[in-house]
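Mapping the sequence shown onto full-length UniProt numbering, position 23 (from 1) lands on 23, and the numbers just tick up by one.
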Amino acid sequence: MHGFEDLNTGKEHVALTYGEFEPNQAVLGRIHSECLTGDALFSLRCDCGFQLQTAMQNIAEAGQGFILYLRQEGRGIGLLNKIKAYELQDKGANTVEANEKLGFPADMRQYDMIIPMLEKIGVDKVKLMTNNPRKVKAMQGFGIEVVERVPLQVGKNRYNESYLKTKSTKLGHMMSEHHFTDGKD
Ligand SMILES: Nc1nc2c(ncn2[C@@H]2O[C@H](COP(=O)(O)OP(=O)(O)OP(=O)(O)O)[C@@H](O)[C@H]2O)c(=O)[nH]1
Ligand SMILES: [Zn+2]
1 MHGFEDLNTG KEHVALTYGE FEPNQAVLGR IHSECLTGDA LFSLRCDCGF
51 QLQTAMQNIA EAGQGFILYL RQEGRGIGLL NKIKAYELQD KGANTVEANE
101 KLGFPADMRQ YDMIIPMLEK IGVDKVKLMT NNPRKVKAMQ GFGIEVVERV
151 PLQVGKNRYN ESYLKTKSTK LGHMMSEHHF TDGKD
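Encoded structure:
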């Protein structure tokens, strides 16, 4: 585990690595934004905790990999604003509308802190576990080669079904339809 202080925001980020990386090798990894409610408190309103667990499992099975855990709670709006957004969602707004009602864009995350993090752990080619095309684009923009995108469609349940649908239809996440309709809770 490596800790980093983000001098732009004062946030403390963490890089977890497992196994040894060879130079020039494409390493399996996940860039995960903080979700206290999903990652630590087992909330079923989102898929974050399930994605984190599955990413760790995949890395353990592969024998090597990394997780960058970024402190960008609530897609960058912070925990208290996310709690307010949840209240608006309980009144009928979707996740994007709730952010906008609070005066924020749908997603205000930046990814530039990953540059020194990946440099420190010695990774410049990645097999990235994500459904989010913005993460792939951000990495490519930094000159990091994303040799493969590994889908991470897990944790669907009756409480996050419409959240996942909004991710797919409004935020551009690449998720196959069966994720919404397979009926397994
Ligand atoms: N504003 C807001 N943020 C949310 C909500 N639900 C989850 N989040 C945040 O969304 C972010 C999800 O981040 P990630 O799991 O890294 O990634 P992602 O953009 O969903 O893309 P994937 O890599 O496909 O998982 C976290 O920062 C959560 O705190 C919500 O309803 N409103
Ligand atoms: Zn979450």
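Glycine included, each C-beta is placed from N, C-alpha and C at the ideal position. Treat the numbers as computed from the prediction; the structure is a model and nothing was measured.
- V154 carries a coil assignment under DSSP once its states are collapsed to helix, strand and coil.
- Beta-bridge analysis with DSSP links S33 to L70.
- Look at S162: its beta carbon is at least 8 Å from all of the heavy atoms in ligand 2.
- Looking at the DSSP output, K127 sits in a beta bridge with L28, E148.
- Shortest gap from the CB of G38 to any heavy atom of ligand 1: under 8 Å.
- Checking the 8 Å criterion, the Cβ of D107 is out of range of every heavy atom belonging to ligand 2.
- Taking C-beta separations shorter than 6 Å and ignoring five residues to either side along the sequence, the partners of R30 in its chain run A55, I67, M129, following chain order.
- G103 is the residue among G65, G63, G103, A60 whose C-alpha sits nearest the C-alpha of N81.
- Each residue's CA atom was taken as its position, placing E87 and G78 some 15 Å apart.
- Relative to ligand 2, the nearest heavy atom lies less than 8 Å away from the CB of G49.
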